[in-house]
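**Student:** Dropping a structure here in structure tokens format, bear with me for questions.
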Amino acid sequence: QDRYPSFLRMVHEWRHLRLLKRMKRGHDPIRSASETKEGECALLCPPCPHPKINMPEGWEDEPEETRYIHALNLALDACFRLKRKDVSSEKADPGLSKGFSYFVNQPKFLNYLENYKDEVEPKSTCSRHDAVNLADVSPGQGYAASGVATVECARHNMKRPSAVCDLQKGERYCNMDFIFHWSLVIMALGLLQTFFISYDIACQWSKALIARITAIDPTSPILQSNVKARFLVPKFHLPAHIAACQTKFAFMFTPGAGLGDGEAPERGWGEANPLAPSTREMGPGTRRDTLDFNFGDYNWRKITGLGASLLKKMDTALSKVAENTIAHQELEETLDPVMVKDWTAAMVAWERDPIQNPNPFETTVTVPTQTAVRRAFADEEAAAIAAGKDTSLSPEISPSVLISRGIDLEADQRALKAEMKQTWTHSRDRELTRIQLRSNALVRRIESWYQVLQLYIPTTVLLRNKATGPKSVAPYDLQLWLPSQIGRQAPVDSRLIEIEYALREAQAQEALTTLRRCLQRRVTVYDLKKRWLRGQAPNTKALNLLGNIEGQIATARDEYRQARVALLALGDFLLTTHSDISTVIKIEWAKSRARAARYHEEVNIVREEMRRTIRFFTWKEKDWYQSATAKQTLGGIEEDYNEGLQAYAKRQGAICLGLRRKFEHMWSGVDGQISGAMAEIRDPALFYVRRKQEEVKVSVPTISDDVEMSSPS
1454 QDRYPSFLRM VHEWRHLRLL KRMKRGHDPI RSASETKEGE CALLCPPCPH PKINMPEGWE
1514 DEPEETRYIH ALNLALDACF RLKRKDVSSE KADPGLSKGF SYFVNQPKFL NYLENYKDEV
1574 EPKSTCSRHD AVNLADVSPG QGYAASGVAT VECARHNMKR PSAVCDLQKG ERYCNMDFIF
1634 HWSLVIMALG LLQTFFISYD IACQWSKALI ARITAIDPTS PILQSNVKAR FLVPKFHLPA
1694 HIAACQTKFA FMFTPGAGLG DGEAPERGWG EANPLAPSTR EMGPGTRRDT LDFNFGDYNW
1754 RKITGLGASL LKKMDTALSK VAENTIAHQE LEETLDPVMV KDWTAAMVAW ERDPIQNPNP
1814 FETTVTVPTQ TAVRRAFADE EAAAIAAGKD TSLSPEISPS VLISRGIDLE ADQRALKAEM
1874 KQTWTHSRDR ELTRIQLRSN ALVRRIESWY QVLQLYIPTT VLLRNKATGP KSVAPYDLQL
1934 WLPSQIGRQA PVDSRLIEIE YALREAQAQE ALTTLRRCLQ RRVTVYDLKK RWLRGQAPNT
1994 KALNLLGNIE GQIATARDEY RQARVALLAL GDFLLTTHSD ISTVIKIEWA KSRARAARYH
2054 EEVNIVREEM RRTIRFFTWK EKDWYQSATA KQTLGGIEED YNEGLQAYAK RQGAICLGLR
2114 RKFEHMWSGV DGQISGAMAE IRDPALFYVR RKQEEVKVSV PTISDDVEMS SPS
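Residues in the sequence shown are numbered consecutively from 1454, following the numbering used here.
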């Protein structure tokens, strides 16, 4: 007879009993295990703020400027790999845990969802986020749950009590609202005043959040009058948002956010995803209990690793806090003090009230793309056709299409020229044939374009006849005779000049943006290669990537140069004004100030997290020791049973004591390191001396390097 199902039931029950035992449910003199409260069996995050547990006396009176050290950082996300097939039922498999740990209370959750059966999610006004636009999409036939949603501690990557739920369709607001609300209520966090809330689609989800939470519970902690909540988008997800969101919801630009990134749930899914093939075959209750057990194990591993993880965060902050602060100070020394004073006042006003004051990180100059310019011209031509004023000389090619195709042909010429440079005397016939065919096709397209061009600029026929014939000129050097290339050699319709100028301006801006992005990528890859890559295979891949980036840099460089030459030929409109420079410097100054501030905040936040962790374990240790004799007050407890209760409680208390002492020892030198960093900020000469010493230390070859250099090849 197959005993495997029986064994699985035994494992299920054993895990549940161990959970109750570890969470002191056997030591409670009043409530039985069945009376366990929601979220009571979840492992709490020691560094997070817990009122009446690990907060210092008088924390409520912390000045507003430093209140961020007592802020709660939350992160929301959903995982669609943790599906569940439509097997069993809540009646047949309700599970042993009734919302005791990380999953919400299922009956309460299902009753809540009844009110949102027919609700249609609003469409995204930002980018086309699948989390928004696919929220109403069903998981497919045969599935009861499309995934799992969670609210986590954003700074320490830990699951929170009663903050996990199943998804019935996509990432619907009603699911996320429920777990967000209950993650605050379960922990009795009504005393906290500052929240930083991170979510992939925070720009959309936060819009009507207050109204939705009010409908759930008007007394929710997030609705208190003294609460300040800032909504943010995780750093990795931020580039997918529109430009306005990238400044409004950025961690680096938000005062009090420190060096957080909001990607905690993504790291957690990496641990949970291997469970998916197993849990999707389970009934609803068994699956929730299994995931709860693994979430608890994940939290415990995070707790035991807090000593190293918080110390690493502190080292990261201290390694750059002096550098960024001194760099900002040196930048300000080169600027007009009056201008800096005005910028600082505007910056402080925005930090206090980001809704009523302009964002100092946003540029006031809007740069249209080539696509946007072409669309604008197409709309103008459509209006002209409707009004019977169309000036096109060709039924298929309008003036704007003519110039656009000419600019596209230029891009093809540059690409062909770059590819021709890669060939050499002994290139293979197949490669040479491909390039020749591409060259022939380009010549045909240019000749076809010439035929339309002479309709709009008839003098190009004479100009072409005067110029060198196409047989003696390479295809990528053929003159296209755009208005910018004609100049004063012949009259050109002013409308064509206006069209080319608008397209060239957009082309130059796009090329600069691409160039800047590629230069940033090149620096990142160089740093990655230098610091982390060892061995032939990874270094070869890195060199190939760098080669691709160099090619993109060259393409963007040539495109910008060609666009600028054309703009100069079309008109003297490229004068740089003082206001242009001032705007650019102001944004760079604001970013520099933000970098310095975030590193300072990170030092203060991590130091307070270390203190809260020590206070938490002190509280937990006392709580276990008090539980050791809690049942003695009832009387009638057998001696051996009472001895077991006390032994287990003291053992757990000793674990808390051991962790506290271990972390205190690991963090004993932190205050000295902070003092050293602050001394460097007060006296930058100390910083430069230390950096010079580090550079000398790095440049001195080690013994292994000497041996490697002297060894024969």
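A virtual CB, placed ideally from N, CA and C, is assigned to each residue, including glycine.
1. Which runs of the alpha helix (DSSP H) fall wholly inside the segment 1748-1808 and span at least 4 residues, in chain order?
2. Relative to the C-alpha of GLY1738, which residue among PHE1553, LEU1996, TYR1979, LEU1496 is closest?
3. Within this structure, are the beta carbons of LEU1956 and ALA2009 separated by less than 8 Å?
4. Excluding the 5 residues flanking GLN1823 on each side, which residues of the same chain have their C-beta closer than 7 Å to its C-beta?
5. To the nearest angstrom, how far is the alpha carbon of SER1853 from that of VAL2037?
6. Could you tell me the boundaries of the alpha helix (DSSP H) in which ASP1865 lies?
7. Nearest-angstrom Cα distance between THR1519 and HIS1694?
8. Does the count of Cβ pairs from the segment 1460-1473 and the segment 1514-1531 closer than 8 Å reach three?
9. When you compare the CB positions of LEU1744 and MET1629, do they come within less than 8 Å of one another, or not?
10. Can you tell me which of GLN2126, PHE2070, VAL2059, TRP2120 puts its alpha carbon nearest to the alpha carbon of HIS1609?
11. How far does the beta strand (DSSP E) with LEU1529 in it extend, from its first residue to its last?
12. Taking contact to mean 3 or more Cβ pairs, one atom from each stretch, closer than 8 Å, check whether the segment 1985-2000 and the segment 2041-2058 are in contact.
13. Look up TYR2052 in the DSSP assignment and say whether it is helix, strand or coil.
14. Check each candidate in LYS1474, CYS1627, ALA2130, SER1651 and name the one with the smallest Cα separation from ALA1444.
15. If LYS1536 sits next to ALA1598, beta carbons under 8 Å apart, how far is it from one beta carbon to the other, in whole angstroms?
16. Would you kindly report the start and end of the unbroken beta strand (DSSP E) that includes LEU1620?
17. Can you tell which of GLU2147, TYR2141, VAL2149, LYS2150 has its C-alpha closest to the C-alpha of ILE1779?
18. Could you check whether the segment 1565-1579 touches the segment 1491-1502, counting it as contact only if at least three pairs of C-beta atoms, one from each stretch, sit closer than 8 Å?
19. Check ALA1597 in the structure and name its three-state DSSP category.
20. Would GLU2062 count as contacting chain D if we go by Cβ distances under 8 Å?
21. Per DSSP, SER1580 forms a beta bridge with which residues?
22. Using beta-carbon positions only, say whether SER1892 and PRO1928 come within less than 8 Å of one another.
23. Under the rule that 16 or more other beta-carbon atoms within 10 Å means buried, what is GLN1454, buried or exposed?
24. Determine which residues share a DSSP beta bridge with ILE2038 and list them.
25. Using beta-carbon positions only, say whether ASP1649 and ALA1710 come within less than 8 Å of one another.
26. Rounded to a whole number of angstroms, what is the C-alpha to C-alpha distance between LEU1566 and TYR1626?
27. Could you name the residues of the same chain whose beta carbon sits closer than 6 Å to that of ARG1456, not counting the 5 residues immediately before and after it, in chain order?
28. Going by DSSP, what residues sit across from PHE1689 in a beta bridge?
29. Along the chain, where does the beta strand (DSSP E) containing SER1651 start, and where does it finish?
30. Please determine, among GLU1863, ARG2135, SER1772, GLN1621, the residue with the shortest C-alpha to C-alpha distance to GLU2147.
31. When you compare each of ALA2130, ASN1918, ARG2135, ARG2046 to PRO1708 by their alpha carbons, which one comes out closest?
32. Can you tell me whether TYR2094 is buried or exposed, with buried defined as 16 or more other CB within 10 angstroms of its CB?
33. LYS1551 by DSSP, collapsed to three states: which one?
34. Considering LYS1536, what are the terminal residues of the alpha helix (DSSP H) in which it resides?
35. Would you call the segment 2127-2137 and the segment 2099-2108 in contact, with 3 or more CB pairs under 8 Å?
36. Enumerate in chain order the residues of its own chain whose CB-to-CB distance from ALA1802 is below 7 Å, with the five nearest sequence positions on each side excluded.
**Tutor:** Reading it off the structure:
1. 1759-1786, 1790-1805
2. Taking the first residue of the sequence shown as position 1, residue 1738 is located at position 285. Comparing Cα-Cα distances from GLY1738 to each of PHE1553, LEU1996, TYR1979, LEU1496, the minimum goes to PHE1553.
3. Numbered from its first residue, the sequence shown carries residue 1956 at position 503. Numbered from its first residue, the sequence shown carries residue 2009 at position 556. Not a contact, by the Cβ cut-off of 8 Å.
4. Locating residue 1823 in the sequence shown gives position 370, counting from the first residue. Correct list, in chain order: LEU1956, ALA1959, GLN1960, GLU1963.
5. As a first step, residue 1853 is located in the sequence shown; it is residue number 400 there, counting from the start. As a first step, residue 2037 is located in the sequence shown; it is residue number 584 there, counting from the start. One C-alpha to the other measures close to 32 Å.
6. Counted from its first residue, the sequence shown places residue 1865 at position 412. Counting along the chain, the alpha helix (DSSP H) containing ASP1865 begins and ends at 1852-1874.
7. By 1-based counting over the sequence shown, the position of residue 1519 is 66. By 1-based counting over the sequence shown, the position of residue 1694 is 241. Distance between the alpha carbons of THR1519 and HIS1694: 30 Å.
8. no
9. On the sequence shown, position 291 is the one that residue 1744 refers to. On the sequence shown, position 176 is the one that residue 1629 refers to. Not closer than 8 Å, so no.
10. Taking the first residue of the sequence shown as position 1, residue 1609 is located at position 156. Closest option to HIS1609, Cα to Cα, is VAL2059.
11. Reading the sequence shown from its first residue, position 76 is the one you call residue 1529. Per DSSP, LEU1529 belongs to the beta strand (DSSP E) from 1525-1532.
12. no
13. Mapped onto the sequence shown, residue 2052 falls at position 599. Reduced to three states, the DSSP call for TYR2052 is helix.
14. Nothing can be reported for residue 1444, as the shown portion of the chain is limited to 1454 through 2166.
15. Locating residue 1536 in the sequence shown gives position 83, where the first residue counts as 1. Locating residue 1598 in the sequence shown gives position 145, where the first residue counts as 1. Contact flag correct, Cβ pair sits at about 6 Å.
16. Numbered from its first residue, the sequence shown carries residue 1620 at position 167. LEU1620 -> beta strand (DSSP E) spans 1611-1620.
17. Residue 1779 sits at position 326 when you count from the first residue of the sequence shown. That would be TYR2141, whose Cα lies nearest to the Cα of ILE1779.
18. no
19. As a position in the sequence shown, residue 1597 is number 144, starting the count at 1. Strand.
20. In summary, chain D is missing from the structure at hand, where a single protein chain is found.
21. Translated into the one-based positions of the sequence shown, residue 1580 becomes position 127. Looking at the DSSP assignment, SER1580 forms no beta bridge with any residue, so it has no partner.
22. The residue you call residue 1892 lines up with position 439 of the sequence shown. The residue you call residue 1928 lines up with position 475 of the sequence shown. Yes, they are a contact pair.
23. Walking along the sequence shown from the start, residue 1454 turns up at place 1. So GLN1454 counts as exposed.
24. On the sequence shown, residue 2038 is found 585 positions in, with the first residue counted as 1. Note: ILE2038 sits in no beta bridge, so no partner.
25. Against the sequence shown, residue 1649 aligns to sequence position 196. Against the sequence shown, residue 1710 aligns to sequence position 257. In the sequence on display, residue 1649 carries Phe and not Asp. Contact: yes.
26. Taking the sequence shown and counting its residues from 1, the one referred to as residue 1566 is at position 113. Taking the sequence shown and counting its residues from 1, the one referred to as residue 1626 is at position 173. In a straight line, the C-alpha of LEU1566 is about 11 Å away from that of TYR1626.
27. Along the sequence shown, read from residue 1 onward, the residue named residue 1456 stands at position 3. Once the five neighbours on either side are set aside, ARG1456 has no close Cβ partner at all.
28. The residue labelled residue 1689 in the question sits at position 236 within the sequence shown. According to DSSP, which records beta bridges pairwise, PHE1689 is partnered with nothing at all.
29. The residue you call residue 1651 lines up with position 198 of the sequence shown. Element bounds for SER1651: 1647-1652.
30. Position 694 of the sequence shown holds residue 2147. When only C-alpha atoms are compared, the closest one is SER1772.
31. Indexing the sequence shown from 1 puts residue 1708 at position 255. When only C-alpha atoms are compared, the closest one is ARG2046.
32. As a working mapping, residue 2094 is identified with position 641 in the sequence shown. Per the 10 Å Cβ criterion, exposed.
33. Translated into the one-based positions of the sequence shown, residue 1551 becomes position 98. LYS1551 falls in the coil class under three-state DSSP.
34. The residue you call residue 1536 lines up with position 83 of the sequence shown. That residue, LYS1536, is in no alpha helix (DSSP H); it is neither H nor E in DSSP.
35. no
36. Against the sequence shown, residue 1802 aligns to sequence position 349. Closer than 7 Å at Cβ, skipping near neighbours: ASN1810.
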